[in-house]
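Take a look at the structure set out below.
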Amino acid sequence: MKLNQLFNHTEFSSRHISFPDQAALLAALGETDMASFISRTVPDSVRMPAEKLALPDALSEADALANIKEIAKKNKIFKNYIGLGYYPTRMPAVIQRNVLENPGWYTAYTPYQAEVSQGRLEALLNFQQMTIDLTGLPVAGASLLDEATAAAEAMAMAKRVSKSKSNRFFVDSRVYPQTLDVIQTRAKYFNFDVVVGDFAAAQDGEFFGALLQYVGTDGDVVDLTDVITALKSKGAVVAVAADVMSLVLLKSPAEMGADMALGNTQRFGVPMAFGGPHAAYFAFKDEFKRSSPGRIIGVSVDVTGKPALRMALATREQHIRREKANSNICTSQALLANLAGMYAVYHGEEGVKRIAQRIHALAVAFAQAVSGSLKVVHQVFFDTVLVDCGAQADAIFQAALNAGYNLRRVNETRISVAFHEATSAQDFADLVQLFTGTAGVLPETASVQLPETLLRKEPILQHPTFKKYHTEHEMLRYLKKLEDRDLAMNRSMISLGSCTMKLNATSEMLPITWAEFAEIHPFAPRDQVAGYLELIDHLQTQLKAITGFDAISFQPNSGASGEYAGMVAIRRYQESQGQGHRTVCLIPRSAHGTNPATAHMVGMDIVLVDTDEHGNVDIADLRAKAELHRENLSAIMITYPSTHGVYEEGIREICQIIHDNGGQVYMDGANMNAQVGIMQPAEVGADVLHMNLHKTFCIPHGGGGPGAGPIGLKAHLAPFAPNHAIVNIDGVNKGMTAVSAAPFGSAGILPITYMYILMMGADGMRQATETALLNANYLAHELSSDYPILYTGKNNRVAHECIVDLRPLKAESGITETDVAKRLMDYGFHAPTVSFPVAGTLMIEPTESESKAELDRFIAAMKQIKQEIENVKSGVWTKEDNPLVFAPHTAESVSGSEWNRAYSREVGAYPLPYLHEHKFWVSVSRIDDVHGDRNLICTCPPIDNYED
1 MKLNQLFNHT EFSSRHISFP DQAALLAALG ETDMASFISR TVPDSVRMPA
51 EKLALPDALS EADALANIKE IAKKNKIFKN YIGLGYYPTR MPAVIQRNVL
101 ENPGWYTAYT PYQAEVSQGR LEALLNFQQM TIDLTGLPVA GASLLDEATA
151 AAEAMAMAKR VSKSKSNRFF VDSRVYPQTL DVIQTRAKYF NFDVVVGDFA
201 AAQDGEFFGA LLQYVGTDGD VVDLTDVITA LKSKGAVVAV AADVMSLVLL
251 KSPAEMGADM ALGNTQRFGV PMAFGGPHAA YFAFKDEFKR SSPGRIIGVS
301 VDVTGKPALR MALATREQHI RREKANSNIC TSQALLANLA GMYAVYHGEE
351 GVKRIAQRIH ALAVAFAQAV SGSLKVVHQV FFDTVLVDCG AQADAIFQAA
401 LNAGYNLRRV NETRISVAFH EATSAQDFAD LVQLFTGTAG VLPETASVQL
451 PETLLRKEPI LQHPTFKKYH TEHEMLRYLK KLEDRDLAMN RSMISLGSCT
501 MKLNATSEML PITWAEFAEI HPFAPRDQVA GYLELIDHLQ TQLKAITGFD
551 AISFQPNSGA SGEYAGMVAI RRYQESQGQG HRTVCLIPRS AHGTNPATAH
601 MVGMDIVLVD TDEHGNVDIA DLRAKAELHR ENLSAIMITY PSTHGVYEEG
651 IREICQIIHD NGGQVYMDGA NMNAQVGIMQ PAEVGADVLH MNLHKTFCIP
701 HGGGGPGAGP IGLKAHLAPF APNHAIVNID GVNKGMTAVS AAPFGSAGIL
751 PITYMYILMM GADGMRQATE TALLNANYLA HELSSDYPIL YTGKNNRVAH
801 ECIVDLRPLK AESGITETDV AKRLMDYGFH APTVSFPVAG TLMIEPTESE
851 SKAELDRFIA AMKQIKQEIE NVKSGVWTKE DNPLVFAPHT AESVSGSEWN
901 RAYSREVGAY PLPYLHEHKF WVSVSRIDDV HGDRNLICTC PPIDNYED
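Dropping the structure here:
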């Protein structure tokens, strides 16, 4: 053996993919090798030669980490006092290690299957309780994508609930520039008239809604009560964007009369990370709850009457209401919300109050120290001091940079300094010296310089959860208790169709907590962020090679955000061509609900296209509708492979029909795990596509976020991608407004995808796709003798997922798809996707990361469940008394003194032998969804309910 053969640069791909299993899987399918399998699975019309994937060879894990470390070193860590919604923080180490760096938390999926999600549901309920306490409003959601998009959602919600006939929305001129930027994007296609002005002037106009800032961008704190009262007297619905840390000391938005409150929770221990990801909070009046966007965690009961948590009011969401949904939002920021919520749990009321008081006292002391020689503009502030430096402004600002401090240059003479949790006594001394020439000395007494009328009167964080876990041991055990209630990928396969739950490798995750990436402000000077810009440039090159597109925009911070950005780019391009009248969007009936919801948000008229009996787009119907609407056709939104899990043979023809009739092709990238290295979406005819980096490209789902949804664009659309009010994006036309708060979206998690591609290389990326197809077809083949596979393509093959049809069994036995989903929990599995895209089915996507042993374990579980259904059909068990309808089984239920069911305790809890070796126990029995929606409670329940 040659020595260089021992340098295994492909070591990572063999950790990501179980190569030794492939021969057996191929043999089960009657295939001799991977090449013949792929040729019989992927249509010739879309398949590209392997050598066309222009990516470098793979690096080992060690070499890839060394590579990205060199990039990270090019970022300069300055002491940041810029503010503008982003601040240095101190994440408690117990939270970093046991939540952020813990696969039990970050590999979980959105908690649609509530019985295996009680831990993170409780964590999200804590986040909601924290939000309710700070805002004073009675209902809060479980996070939105960022403050700017939350403000845009508030505007849309205000229109839905307002009785005013006005089409005007007022925006306080003191809002963050990035917030206004996103509002203007969203307002354009809703045909809202945005009026920006001094908040006091809002009293004089007629508006359906208003957004007021509290604290202002330049630091001033104003009592908004009178303005809110005046606006509401004329029918306006008023939202307040409030700094989350300031609310610890200041009176709440609700006390001032606000209808809604929103903001960023980044200050609660989450790194700046060059702009994200961060969780936005969103709170509102109870009467608005059915018009609200995003997820709400609610308290319900299980079938035994035990309190249990679930996602409430799901019928508001896009996957059900489609174009009538309140929002297209799908991913939220669950992991980041959990971090912020746990920060509040760990510190409690006294802890966060001490932090807020310290921040304010430092700002007051600084203002007092500089006021002798310079003018402090605002006398009432929380953390941000605006100083008029006159002719000295240039010198002070440059001296600060030379000393390693980033300040905010407001205009020619004014500089603001935003104090924060991480400000040290030395920082204070340095900052005073920069402005006055004399080192600052901290006063002995902390001063509060806020009017009594602005101070909070009511207590916060009074629930026992926020009082019990202030020592590290107690916090550590609380986090472990919650983790153990959840089924994440560190326990078993999560085969959710359309969700691509693959390995989130440890080496991919390591860089995101490095200070060189975590402690960078999104609006830091360009020369300080060379590492991030290089990373983004490399990642753009990688994704262009994979997709065939000419440009990549990284700003969208979720898949739905990417959809929106892509459709906005199409509209902007067509408007630039004098074709703004093109507003018809064709959408297949099988499409994911985000598609029609997004099309509606960009002002399009939706025309549905039929599918044939094989689940494919009906090309004759498509052609007829494209030609009928050719004068007004804007676009088609299409998923490839289809939402039914099949490679459609006619995708090139579909794209050509749209182009021939003047439209653009938007491709939904939800199923890109069946594309990479095998085909290029741009080459088959797509004009724009969003990529779910949290699916195909290994960013973890985090229990419901973060996400990252960059878009690939053809050259003619590239100038119409999102730009940014503060940071100009290269290659994008000026004047293109933003879709997210940060210029590069969730930049802090981009290292994960970069590392994945770097360690896989061209061969590994292609092999991942091939293996995903192989695993899905193996599952479909092995299950087909027990369950019909609803849709298949050429040669009876599926793509990367398959749909198991439970409807015949349901009709014969009365056992529902929900019963099967819940019974899988007893076998140690999270259910596949239930009743999407077809009611009464399960959609299964195993991904390339699962071994044959894990696939076989799942197959065994499904076959045993089929036998259980047969027992119901044959009368061994009744429809009312069998292990499926009572699933899932808790340890409490099978170990109780009474057992009067028709099956044994062992059948309930240990239906297969492998469960004796490793058993996951649900903490609650089946949850009553109807009770939870009829009796919405989105606050932490009494402490008695938490007793184990």
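Numbering (the UniProt record's numbering), first residue to last: 1 to 948. Backbone N, C-alpha and C define an ideal beta-carbon position, used for all residues, glycine too. Predicted, not measured: the structure shown is a model, and the values here were computed from it.
Boundaries for Gln5: no beta strand (DSSP E) harbours it, and the DSSP string shows neither H nor E there. Beta-bridge analysis with DSSP links Val175 to no other residue. In the DSSP assignment, Gly531 falls outside any beta strand (DSSP E) and within the unbroken alpha helix (DSSP H) covering 530-547.
Ranked by how close their Cα comes to the Cα of Lys289, the residues Ala393, Arg456, Gly141, Ser874 have Gly141 in first place. Non-local beta-carbon contacts of Pro788 in its own chain, meaning distances under 8 angstroms to residues more than five positions away in sequence, involve Val804, Asp805, Pro808 in chain order. Within the same chain, Ala530, Gly531, Glu534 come within 7 angstroms of Lys74 by CB-CB distance, once the 5 residues on both sides are set aside. The beta carbon of Ala64 sits closer than 8 angstroms to those of Phe12, Ser507, Met755, Leu758, Met759, all from its chain and outside the five residues before and after it, given in chain order. The three-state secondary structure of Ile726, taken from DSSP, is coil. Nearest to Ser18 by C-alpha distance, out of Lys810, Asp786, Ala772, is Ala772.
DSSP, reduced to helix, strand and coil, places Val377 outside both helices and strands of the structure shown, so it counts as coil. Contact between Pro596 and Pro277 is ruled out by a C-beta separation of about 26 angstroms, above the 8 angstroms threshold. At the C-beta level, Leu496 and Pro832 come within 7 angstroms of one another. Counted as a single uninterrupted DSSP element, the alpha helix (DSSP H) harbouring Gln398 occupies residues 393-402. Secondary structure within the region 697-769: the beta strand (DSSP E) runs of 3 or more consecutive residues, fully enclosed, are 711-713 (chain order).
About 6 angstroms separates the CB atoms of Val739 and Pro556; that is less than 8 angstroms, so the two are in contact.
In the structure shown, His690 adopts extended strand secondary structure according to DSSP, grouped into three states. For Phe78 against Gly404, the beta-carbon gap comes to about 5 angstroms, under 8 angstroms, which counts as contact. DSSP lists Asp172 as the bridge partner or partners of Gly197.
Going by DSSP, Gly298 is part of the beta strand (DSSP E) stretching over 296-301.
Taking 7 angstroms as the cut-off, the beta carbon of Met765 is found no closer than this to the beta carbon of Gly709. In the three-state reduction of the DSSP assignment, Leu231 falls in the helix class. Under the three-state reduction of DSSP output, Gln680 falls in the coil class, being neither helix nor strand. The secondary-structure analysis by DSSP pairs Val609 across a beta bridge with Pro588. Residue state for Asp550 is assigned as coil, using DSSP reduced to three classes. Secondary structure remark: continuous beta strand (DSSP E) runs of at least 3 residues inside the region 493-520: none found.
Under the three-state reduction of DSSP output, His830 falls in the strand class. Residue range 147-161 is occupied by the alpha helix (DSSP H) that includes Thr149. Counting only runs that start and end inside the region 251-291, the beta strand (DSSP E) elements of at least 3 residues fall at 260-264, 280-284. Counting only the Cα atoms, Ala154 lies some 22 angstroms from Gly341. At the C-beta level, Pro941 and Val299 come within 7 angstroms of one another. Take the alpha-carbon of Phe274 and the one of Val195: they are about 30 angstroms apart. A contact between stretches requires three or more CB pairs, one per stretch, nearer than 8 angstroms, and the region 86-98 fails this requirement with the region 428-435. In this structure, Pro111 is the residue among Leu26, Pro111, Gly104 with its C-alpha nearest to the C-alpha of Ile927.
Nearest in C-alpha terms to Ala887, of all of Lys863, Trp921, Lys873, Glu898, is Trp921.
Leaving aside the five residues that flank Asp610 on each side, the residues in its chain whose CB is nearer than 7 angstroms to its CB run, in chain order, Arg589, Asp618, Asp621. Asn406 is not a Cβ neighbour of Ala545, given a cutoff of 7 angstroms.
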